[in-house]
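With the UniProt record's numbering, you'll find the sequence shown wraps up at 207, consecutive numbering, no jumps.
Below is one structure, written out as structure tokens; comments come after it.
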Amino acid sequence: MAATRGGVKDRIVHEIGRAIKQAQIEWCGVGCIRACTGRWLVLSIDAALLHGLHSLNRGYWPVVAALLDKQSVTTITTLPYATKPLSRGRSWVCLCLNEGQLESYLHVLTSHKILLEAHYGTNALLRDPNRAHLLLMLAAGLEHLKFFLPMDVPGWIQGDGSVGSSSGTSMNSLTVSMTSMCSSLPSPSQQDSFDLDTTCSEAMEES
């Protein structure tokens with residue numbers, strides 16, 4: 001079981017690394033990052049933050065909201081389509097990428113042991129010192145990249161707000177998003193996009 005959990009966490013981290021590499025290639029090549037690559041990165045980070053949560057129905061929005069200033073919380077909670085915790089969490093990831101603050105927030109979050117213990121299980125990716133360190137190293141690669149991600153897009157940003165602890169039914173919207181997104185990318189292949197869907201589902205089922 002431990003090996004399986006480690007495998008899920010490794011696949012999530014690996015997928016984040018691949019998405020960041022693709023974003024770097026696009027930024028260096030044409031000076032902008034495609035929307036589909038941005039979505040790939042957001043959903044990969046989303047999987048990392050969902051992994052090991054005690055309460056999947058609430059998502060990780062209550063966790064990160066505790067670290068935000070009032071203005072940032074208001075920005076997210078007043079979005080028309082981001083009305084549930086899962087969608088607000090993804091909108092927050094978009095905001096962090098747009099403002100270049102993802103690494104900073106991840107550093108604060110992974111250092112906040114009391115907050116993590118209150119919301120995440122012992123096997124959660126964010127409570128795994130090695131994987132959390134890798135996550136921070138990867139996030140550092142976003143330093144010079146500029147994102148212009150919409151924070152409130154119906155469809156891919158929205159979660160259904162009802163997550164089963166074992167069935168992973170909330171991954172339906174993620175699966176559709178990943179399928180449509182990856183169809184326009186030269187990398188990953190269709191098999192890779194399926195693997196990410198499976199990885200995200202497994203991450204949620206472990207919780």
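We put the CB at the ideal spot given by N, CA and C, even for glycine.
Does the Cβ-Cβ distance between Leu-49 and Tyr-60 come in under 8 Å?
Against a cut-off of 8 Å, the Cβ pair of Tyr-60 and Leu-49 comes out as a contact.
What separation, rounded to the nearest whole angstrom, lies between the Cα atoms of His-133 and Thr-77?
A straight line joining the alpha-carbon of His-133 with that of Thr-77 spans about 30 Å.
Using the three-state DSSP reduction, which class does Tyr-60 fall into: helix, strand or coil?
Tyr-60 sits in coil when the DSSP states are folded into three classes, being neither helix nor strand.
Residues that DSSP places opposite Tyr-120 in a beta bridge:
BP columns for Tyr-120 point to Leu-53.
Kindly indicate the opening and closing residues of the alpha helix (DSSP H) around Ile-76.
Here the alpha helix (DSSP H) through Ile-76 covers 70-77.
Where Cys-36 and Asp-152 are concerned, what is the direct C-alpha to C-alpha distance, given to the nearest angstrom?
The straight-line gap from Cα to Cα measures roughly 15 Å.
Excluding the five sequence neighbours on either side, which residues of its own chain have a C-beta within less than 8 Å of the C-beta of Tyr-105, listed in chain order?
The beta carbon of Tyr-105 lies closer than 8 Å to those of Val-64, Leu-67, Cys-96 in the same chain, with the five residues before and after it left out.
Classify Phe-147 as buried or exposed, calling it buried when 16 or more other Cβ atoms lie within 10 Å of its own Cβ.
Residue environment analysis places Phe-147 among the buried positions, since at least 16 neighbouring C-beta atoms fall within 10 angstroms of its C-beta.
Buried or exposed (CB count within 10 angstroms, at least 16 for buried), Ala-140
Around the Cβ of Ala-140, a 10 Å sphere holds fewer than 16 other Cβ atoms; the residue is exposed.
With Leu-138 and Ile-20 assumed to form a contact (beta carbons below 8 Å), what rounded beta-carbon distance in angstroms separates them?
Indeed they touch by this definition, with Cβ atoms about 6 Å apart.
Alpha carbon of Asp-69 to alpha carbon of Gln-22, nearest angstrom
Between Asp-69 and Gln-22, the C-alpha separation is close to 31 Å.
So what's Leu-125 in DSSP terms, helix, strand or just coil?
Per DSSP, reduced to three states, the secondary structure at Leu-125 is helical.
Leaving out the 5 sequence neighbours to the left and right, which residues in its chain are closer than 8 Å to Val-13 when beta-carbon positions are compared?
These residues qualify, in order along the chain: Ala-48, Leu-125, Arg-131, Leu-134, Leu-135, Leu-138.
Where does Lys-9 fall in DSSP's three states?
In the structure shown, Lys-9 sits in a helix (DSSP, three-state: H, G or I).
Over what stretch of residues does the alpha helix (DSSP H) that includes Leu-109 continue unbroken?
Note, Leu-109: alpha helix (DSSP H), 102-111.
Starting from the C-beta of Leu-102, find all residues in its chain whose C-beta is less than 7 Å away, skip the five residues before and the five after it, and write them out in chain order.
Counting only residues of its own chain and dropping the five nearest sequence neighbours on each side, Leu-102 has a CB closer than 7 Å to the CB of Cys-96, Ala-139, Leu-142.
So, Val-81 versus Ser-72, is the Cβ gap smaller than 8 Å?
Position check: residue 81 holds Tyr in this sequence, whereas Val was assumed. Contact flag unset, no.
Within a Cβ cutoff of 6 Å, which residues of the same chain sit near Trp-92, ignoring the five residues on either side of it in sequence?
The answer, listed in chain order, is Val-64, Ile-76.
Would Ile-45 be called buried (16 or more neighbouring beta carbons within 10 Å of its own) or exposed?
Its Cβ being crowded by 16 or more others within 10 Å, Ile-45 is buried.
Which residue marks the beginning of the alpha helix (DSSP H) containing Glu-99, and which one marks its end?
85-99 is the span of the alpha helix (DSSP H), which, as asked, contains Glu-99.
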